[in-house]
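Here is the structure we will look at.
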Amino acid sequence: MATISVYLKAGRLSLLLFPLYSDSLFAIAFVQTISYGSGIMKYSLTFLVLFLLQNVYSANSQSYIGVNYGDQALNIPQPGDIVNLLKTTTIAKVRLLGSSDESTKATIKAFANTNIGLVIGLDNSEIRWAATGPDAASQWVNSNVMPYYPASKIIIVTVGNEVLTSAGDEDAISSILPAMKNIQNALNTASLGEKIKVTTVHSMDLLTEFSPPSSGAFNDSFGDTMKALLQFQSEHGSPFMINASPFYAYKRDPKPETLAFCLFQSNSGQVDLRNNIEYMNMFDVQVDAVRSALNAMGYKNMEIVVAQTGWPYQNGPNEVGPSLDNAKAYVGNLINHLRSNLGTPLMPGKNVDTYIYELYDEDLKLGPKSEQSFGLFGADGSPHYDTGLFKSSQNSMTPTSPASPKPAPASTGTPPPKLGGIWCVPRPAGVSDAQLEENIKLGCSKGIDCSPIQQGGACFEPNNIESHATYVMNLYYQSNGRNPWSCDFSHTATLTTINPSYNGCNYPSG
Ligand SMILES: *[C@@H]1O[C@H](CO)[C@@H](O)[C@H](O)[C@H]1NC(C)=O
Numbered sequence: 001m002a003t004i005s006v007y008l009k010a011g012r013l014s015l016l017l018f019p020l021y022s023d024s025l026f027a028i029a030f031v032q033t034i035s036y037g038s039g040i041m042k043y044s045l046t047f048l049v050l051f052l053l054q055n056v057y058s059a060n061s062q063s064y065i066g067v068n069y070g071d072q073a074l075n076i077p078q079p080g081d082i083v084n085l086l087k088t089t090t091i092a093k094v095r096l097l098g099s100s101d102e103s104t105k106a107t108i109k110a111f112a113n114t115n116i117g118l119v120i121g122l123d124n125s126e127i128r129w130a131a132t133g134p135d136a137a138s139q140w141v142n143s144n145v146m147p148y149y150p151a152s153k154i155i156i157v158t159v160g161n162e163v164l165t166s167a168g169d170e171d172a173i174s175s176i177l178p179a180m181k182n183i184q185n186a187l188n189t190a191s192l193g194e195k196i197k198v199t200t201v202h203s204m205d206l207l208t209e210f211s212p213p214s215s216g217a218f219n220d221s222f223g224d225t226m227k228a229l230l231q232f233q234s235e236h237g238s239p240f241m242i243n244a245s246p247f248y249a250y251k252r253d254p255k256p257e258t259l260a261f262c263l264f265q266s267n268s269g270q271v272d273l274r275n276n277i278e279y280m281n282m283f284d285v286q287v288d289a290v291r292s293a294l295n296a297m298g299y300k301n302m303e304i305v306v307a308q309t310g311w312p313y314q315n316g317p318n319e320v321g322p323s324l325d326n327a328k329a330y331v332g333n334l335i336n337h338l339r340s341n342l343g344t345p346l347m348p349g350k351n352v353d354t355y356i357y358e359l360y361d362e363d364l365k366l367g368p369k370s371e372q373s374f375g376l377f378g379a380d381g382s383p384h385y386d387t388g389l390f391k392s393s394q395n396s397m398t399p400t401s402p403a404s405p406k407p408a409p410a411s412t413g414t415p416p417p418k419l420g421g422i423w424c425v426p427r428p429a430g431v432s433d434a435q436l437e438e439n440i441k442l443g444c445s446k447g448i449d450c451s452p453i454q455q456g457g458a459c460f461e462p463n464n465i466e467s468h469a470t471y472v473m474n475l476y477y478q479s480n481g482r483n484p485w486s487c488d489f490s491h492t493a494t495l496t497t498i499n500p501s502y503n504g505c506n507y508p509s510g
């Protein structure tokens, strides 16, 4: 939910919107006070209206939402059923966790012509073999990639999972890079070296600390291995994959405020004192810690992919954290967070590809009950809780009760302020020119038409940063679903009902 306070003053209406919970699709418009003159006549009027924040989530798949599929379970659906289930969701990518066996190959094959991206991999037991030389690697590519590509859209090959941090397996650690190079060469030989990226998956334990995020750094004991890995990956443009784990962060610090912070629920935030950035959830903290660690190694442009993140919905004895409500809150709010296009504070506007853990329960996994209870769906395809992932659920957001007045269509010239039009503008105070310039860059790099603010354009005059930023920020907001989180720009933006249009420069509104 979000609260909108509408202040009506001497005929002018300004509207401030405070998103309280990021999972909200509705806001409550709260018309609070109307006052005329200097308090001679004062009307106080309070009412609530449901206000639909128009969301334009497309009914299509969302390229940044992936899911993990593991098959350590007794009742595993047929590959065709898995594909059929995924087609009803907005999930666009699947990471197959199984080893390179026949059942994994059947699954790869079942995804033919679905346009669903596949992450396949060598499991930890196969790394040493793949490191032995080009023959092993080309054998792997020939039997796991060539028969299925391009019908099955394999996008990434992962060489091992959390190998560096798995208790002193020096042999496997020293084999990772040679194995990756061999697989890369085998793909190059098949002319797939540019199309399929070779990487490995890391645990958050690779970082000595992740809070505050600006202090994120890789554990020095992997120093040389990391340097060589990152060098190789940057040469080939392959993403850095990490298993992010707000759930384990909560298990280590099981306080109510930590839970709210991990579940993207209302909380008082955590400020990173080194850069004064306020974090509102653990996911952003962990991703930005990885960003800081990569930046510190000199890889500011290396893409980060969250290879796994989830929350169990069932707990065993003495386990805190897993529950149906918590799983639903984490997964649902994570998806809304990704859909918001806000990115993280260190990567504003960047959607980090995120693979939710996981599609089905894996009841054959060892460990506490929670380890077997990360599944989004039962083996029969029924959801364990509402995830908001079904394509049809995106349309059910249309309210049945009357919403606020329909926003006026954009017109040319200088339209008078109209109730219902909403624009995104810089906050009135405390925003520097440098931040506004960042906002212009961000907006214009996201595919909106910035020609009106260029010389000769209708909105070039007045030629100043604030005016140009206002134009860009509003257009970005209007083009990105008009969700409150599309009008954030690292907390430098706000919504208004005052139409900023002037002369021939038209600011579109909803
Ligand atoms: C760094 O890694 C080593 C070896 O895995 C481990 O013993 C040590 O505790 C780690 N250091 C930190 C600060 O996490």
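So in the UniProt record's numbering, spot 90 of the sequence shown is number 90, and the numbers just go up one at a time. For each residue, glycine too, the CB sits at the ideal point set by N, CA and C.
Buried or exposed, going by whether 16 or more other CB atoms sit within 10 Å of the CB of residue 151?
Looking at its Cβ environment, which holds fewer than 16 other Cβ atoms inside 10 Å, residue 151 is exposed.
Is the Cβ-Cβ distance between residue 281 and residue 333 less than 9 Å?
It is a contact, given that the beta carbons lie within the stated cut-off.
Sort 260, 94, 450 by Cα distance to residue 475 and report the nearest one.
Checked all of 260, 94, 450; the closest Cα to residue 475 is 450.
Tell me the DSSP secondary structure of residue 490 in three-state form.
Here residue 490 sits in coil by DSSP.
Report the rounded CA-to-CA distance for residue 363 versus residue 72, giving the unit in angstroms.
Each residue's Cα considered, the two are about 7 Å apart.
Output needed for residue 123: all residues of its chain with C-beta closer than 6 Å, excluding positions within five of it in sequence on either side, in chain order.
The answer, listed in chain order, is 99.
If you drop the 5 nearest sequence neighbours on each side, which residues of the same chain put their C-beta closer than 6 Å to that of residue 93?
Result list for residue 93: 66, 117, in chain order.
I need the boundaries of the alpha helix (DSSP H) containing residue 384, first residue and last residue.
First-last for residue 384: undefined, no H or E at that position.
Counting along the chain, where does the beta strand (DSSP E) carrying residue 423 start and finish?
Its beta strand (DSSP E) spans residues 423-426.
In the DSSP assignment, what are the bridge partners of residue 343?
DSSP, once it has assigned bridges, lists 348 as partnering residue 343.
Using DSSP with H/G/I as helix, E/B as strand and the rest coil, what is residue 449?
Residue 449 falls in the coil class under three-state DSSP.
Any contact between the stretch 445-465 and the stretch 486-505? By contact I mean 3 or more CB pairs, one from each, below 8 Å.
With the cut-off at 8 Å, the stretch 445-465 and the stretch 486-505 touch.
Consult DSSP for residue 119 and reduce its assignment to one of helix, strand or coil.
Residue 119: strand per DSSP, three-state reduction.
On the criterion of 16 or more Cβ atoms from any shown chain inside 10 Å, does residue 495 qualify as buried, or is it exposed?
With 16 or more Cβ atoms within 10 Å of its Cβ, residue 495 is classed as buried.
Taking any heavy atom of ligand 1 as the mark, which residues have a C-beta closer than 6 Å to it, listed down the chain?
Selection output, chain order preserved: 208, 219, 221.
Just the Cα atoms here: how many angstroms apart are residue 438 and residue 342?
The alpha-carbon atoms of residue 438 and residue 342 are separated by roughly 14 Å.
So, at 7 Å on beta carbons, what are the nonlocal neighbours of residue 433 in its own chain, with the 5 sequence-adjacent residues on each side left out?
Excluding sequence neighbours, residue 433 sits near 465.
Can you grab the Cα-Cα spacing for the pair residue 301 / residue 215, in whole Å?
Spanning the two alpha carbons is a distance of roughly 18 Å.
In the DSSP assignment, find the alpha helix (DSSP H) that holds residue 163 and state where it starts and stops.
Counting along the chain, residue 163 falls outside any alpha helix (DSSP H), and DSSP gives it neither H nor E.
Give the list of continuous beta strand (DSSP E) stretches no shorter than 3 residues that lie fully inside the stretch 60-125.
Taking only runs of at least 3 residues, the beta strand (DSSP E) segments lying wholly in the stretch 60-125 are 62-69, 91-96, 117-122.
Residue 269 to residue 70, Cα distance in whole Å?
Distance between the alpha carbons of residue 269 and residue 70: 34 Å.
Classify residue 75: buried if its beta carbon has 16 or more other beta carbons within 10 angstroms, exposed otherwise.
Exposed.
Closer than 6 Å by C-beta to residue 319: which residues in its own chain qualify, once you throw out the five before and the five after it? Chain order, please.
Only 368, 370 meet the Cβ criterion.
DSSP three-state label for residue 207, please.
In the structure shown, residue 207 sits in a strand (DSSP, three-state: E or B).
Can you tell me whether DSSP reads residue 360 as helix, strand or coil?
Strand, per DSSP.
Identify which residue in 435, 468, 120, 164 has its Cα closest to the Cα of residue 143.
Looking at the Cα atoms, 120 is the closest of the given residues.
What is the residue span of the alpha helix (DSSP H) that residue 279 lies within?
Not the alpha helix (DSSP H): residue 279 falls in the beta strand (DSSP E), residues 277-279.
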